[in-house]
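Trainee: Have a look at the structure that comes next, please.
2 protein chains.
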Amino acid sequence: MQRHREIIRERKQREKDQRIQGILKAAKEVFFSKGYMKSTMDEIAYAAQISKPTIYQYFRTKDELYSALMLPFLEEFGSQFERIAKKLDTGKYADGTAFVRDIFKGFKRSYDAAPDSLRVANSFFQQSDLISALGDDTRLAISSRGRYDFELARGLLEKAMEQGLLRRMDPYALSDIVWAMLLGITQVMDMKATRHTRTDRYLRSTLREAEKLLCAAIAL
Amino acid sequence: MQRHREIIRERKQREKDQRIQGILKAAKEVFFSKGYMKSTMDEIAYAAQISKPTIYQYFRTKDELYSALMLPFLEEFGSQFERIAKKLDTGKYADGTAFVRDIFKGFKRSYDAAPDSLRVANSFFQQSDLISALGDDTRLAISSRGRYDFELARGLLEKAMEQGLLRRMDPYALSDIVWAMLLGITQVMDMKATRHTRTDRYLRSTLREAEKLLCAAIAL
DNA sequence: ACACGAACTTAACTCTGAGTTAAAAAACTA
DNA sequence: TAGTTTTTTAACTCAGAGTTAAGTTCGTGT
């Protein structure tokens, strides 16, 4: 009967995860339709067809719930970098242009996988308020994941320089700049977005221009 | 005696301005030391040595007060662009590199003139919540000022292309990219900043790298 | 069939902070 | 001195975050 207990525990875990996913889904809808400040926990509870105390059983604060929405993007982003790192190690890149293109492709894929999450990530890093208000474990998960992605990206650029794919320069500065470009562009697009303009197509074309620009600047 | 009234009205205006400045100064201190969310209006009132209702006589909401902090940067930034536009019109730029350098110089000067304001501008554009919560006139002042700066920048780049200083490309995309870089870099620096690391020197060196990079990419 | 326990709901509650109000007090003007 | 404007005081409303406790549901073990 030990096996039986295992199975039951697993199902319970699954149900718990589903509950959490349900809350996150509802939270996403509410947050992105009205913005963080105007969204209330009661509203999210209603959207999730659940009672408010139940939400608080899984998320300690409103901030924590909001922040949890950005983890998917960070993870997807990291895995894209890992993919690129592998290709780099096995010498799959003919020139710097191909490498830079792949970085942008990775970003686009992450964005496609979780466009909302990036928006959260943006506003997250802004309001250092939010960060400090988090529970320790959540803050740790997010900031360590973010740091990991960051380190990964820098290492990637460094390696590409060693392989003669990119012009030599300070890898720290370069990774900051690339990251800043990507971050900044999505933001500028966001702040231009209105109800009646589809910003998505424009985001893509701007990213393409940025890609060309970066190739011209650093690819060898 | 009409003259007398004039003088009095002027003095009153001055006093009003001083009051507003005092509030802004206090607000800046409080907001930047604790973050937007954790700052309370009572606290700001206390810091400004003034009563809460008095603050509300000059600023309709907490958001409006916060947003008002960013106007100085936008204005300084705009005036830097106007300076560059004049130089461009009188053919003062020998090559694209000189032009790009001047853009960055303009940004740095604006930043120096009002470093905090930029930080507000950053977080401002994040939380579209904030924008929508503003009073009509404030929102108008800020967004129209921002739009004006934006248009100015784009026109600048366009003209520089016509003069053969820059490589031909979509000026809209380029101005978005440049703006995104500047915005993004200060943000990335901000989120890296901690109590014990001075981020200022690093910001400057990163901006210098970005400048070089942009020169390599678009200057002719 | 029945009792136990975990997770959930309900409904009422506390508490903080934004924004308001009205009356009293200053400060200034004529 | 009388009148006007601005500021303060102190009490207030209101919304929303987060909590509490008593009761409900339901799967599980005996």
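Top to bottom, those sequences are chains R and H. Letter by letter, the first sequence follows residues 22 to 241 in the numbering used here. Letter by letter, the second sequence follows residues 22 to 241 in the numbering used here. Here a beta-carbon is modelled for each residue, glycine too, at the ideal position from N, C-alpha and C. Fair warning: this is a prediction, and the values are worked out from it, not measured in the lab.
#1: Would you mind reading off the limits of the alpha helix (DSSP H) that contains R/I71?
#2: My output table needs one value for H/R187: the three-state DSSP class, helix, strand or coil.
#3: How do the segment 221-238 of chain H and the segment 122-131 of chain H stand: do at least 3 beta-carbon pairs fall below 8 Å, yes or no?
#4: For H/I105, is the beta carbon positioned less than 8 Å from some heavy atom of the ligand FAD?
#5: Can you round the beta-carbon distance between R/A231 and R/I206 to whole angstroms, since I take them to be within the 8 Å contact cut?
#6: By the 7 Å beta-carbon criterion, what residues does the segment 181-192 of chain H contribute toward chain R?
#7: Quick check: is the beta carbon of H/T118 nearer than 9 Å to any beta carbon in chain R?
#8: Assess, as a yes-or-no matter, whether the segment 59-78 of chain R is touched by the segment 35-47 of chain R under the definition of 3 or more beta carbon pairs within less than 8 Å.
#9: Can you pull the chain H residues whose beta carbon is under 9 Å from the beta carbon of R/L86, in chain order?
#10: Quick one: list the residues of chain R neighbouring H/T227, beta-carbon separation under 7 Å, in chain order.
#11: Buried or exposed: where does R/A181 fall if 16 or more other Cβ atoms within 10 Å of its Cβ makes it buried?
#12: Within its chain, find whatever has a CB closer than 7 Å to the CB of R/H217; leave out the 5 residues flanking it on each side and keep chain order.
#13: Is there a Cβ from chain R that is less than 9 Å from the Cβ of H/M202?
#14: Under a three-way DSSP split, which group does R/A119 fall into?
#15: If H/L173 sits next to H/L187, beta carbons under 8 Å apart, how far is it from one beta carbon to the other, in whole angstroms?
#16: 9 Å is my cut-off, CB to CB: does H/Q78 come that close to chain R?
#17: Find the residues of chain R that neighbour H/A239, judging by a C-beta separation of less than 8 Å, and give them in chain order.
#18: Assign H/K83 to buried or exposed, taking buried as 16 or more other Cβ atoms, counted over all protein chains shown, within 10 Å of its Cβ.
#19: Where do the N-terminal and C-terminal ends of the alpha helix (DSSP H) with R/L95 fall, by residue?
#20: For H/A181, which beta-bridge partners are listed by DSSP?
#21: Who are the Cβ neighbours of R/T215 in its own chain at under 6 Å, not counting the five residues just before and after it?
#22: Tell me, please, which residues DSSP counts as bridged to R/A240.
#23: In terms of alpha-carbon separation, which member of H/F171, H/V209 and H/L204 lies closest to H/P192?
#24: Figure out for me which residue from H/L86, H/G185 and H/E97 has the closest Cα to the Cα of H/Y114.
Mentor: Looking at the atomic coordinates:
#1: Translated into positions along the first sequence, residue 71 of chain R becomes position 50. Neither: R/I71 is in no alpha helix (DSSP H) and is coded neither H nor E.
#2: As a working note, residue 187 of chain H is residue 166 in the second sequence. Sequence check: residue 187 of chain H is Leu here, not Arg. It is a strand residue.
#3: yes
#4: The model depicted lacks the ligand FAD and carries no ligand whatsoever.
#5: Numbered from 1 along the first sequence, position 210 holds the residue referred to as residue 231 of chain R. Numbered from 1 along the first sequence, position 185 holds the residue referred to as residue 206 of chain R. Between R/I206 and R/A231 the Cβ distance is about 6 Å, and since that is below 8 Å, they are a contact.
#6: M190 and D191
#7: The residue labelled residue 118 of chain H in the question sits at position 97 within the second sequence. It does not: the Cβ of H/T118 has no partner Cβ on chain R nearer than 9 Å.
#8: yes
#9: Walking along the first sequence from the start, residue 86 of chain R turns up at place 65. None at all; the shortest Cβ gap to chain H is about 15 Å.
#10: Here residue 227 of chain H corresponds to residue number 206 of the second sequence, with the count starting at 1. Near H/T227 (Cβ distances below 7 Å), the residues of chain R are A194, D197 and I198.
#11: On the first sequence, position 160 is the one that residue 181 of chain R refers to. So R/A181 counts as buried.
#12: Counted from its first residue, the first sequence places residue 217 of chain R at position 196. Because the pLDDT of R/H217 is 48, which lies under 50, any placement of that residue in the model is unreliable, and the number read from its coordinates should be weighed accordingly. So no residue of the chain qualifies.
#13: Position 181 of the second sequence holds residue 202 of chain H. Taking Cβ atoms only, chain R reaches closer than 9 Å to H/M202, which makes this a yes.
#14: Within the first sequence, the letter at position 98 stands for residue 119 of chain R. The answer is helix: DSSP assigns R/A119 an H, G or I state.
#15: Counting from 1 along the second sequence, the entry for residue 173 of chain H is found at position 152. Counting from 1 along the second sequence, the entry for residue 187 of chain H is found at position 166. H/L173 to H/L187, Cβ: 16 Å. No contact.
#16: For the purposes of this step, residue 78 of chain H is identified with residue 57 of the second sequence, where counting begins at 1. Taking Cβ atoms only, chain R never reaches closer than 9 Å to H/Q78, which makes this a no.
#17: Walking along the second sequence from the start, residue 239 of chain H turns up at place 218. Here the sequence assigns Ile to residue 239 of chain H, which means Ala is not the residue at that position. In chain order: L234 and A237.
#18: The residue you call residue 83 of chain H lines up with position 62 of the second sequence. Buried, by the Cβ-count rule.
#19: Looking up residue 95 of chain R in the first sequence gives position 74. It spans L92 to D110 - the alpha helix (DSSP H) in which R/L95 sits, taken as one unbroken run.
#20: The count along the second sequence starts at 1 and reaches residue 181 of chain H at position 160. According to DSSP, H/A181 bridges with nothing at all.
#21: Locating residue 215 of chain R in the first sequence gives position 194, where the first residue counts as 1. With a pLDDT of only 48 at R/T215, under the threshold of 50, the placement of this residue in the model should not be trusted, and no figure is reported.
#22: Here residue 240 of chain R refers to the residue found at position 219 of the first sequence. Answer is R/L187, bridged to R/A240.
#23: If you number the second sequence from 1, residue 192 of chain H lands on position 171. The residue with the shortest Cα to Cα distance from H/P192 is H/F171.
#24: Working through the second sequence from its first residue, we reach residue 114 of chain H at position 93. Residue H/G185 is the option with its Cα nearest to H/Y114.
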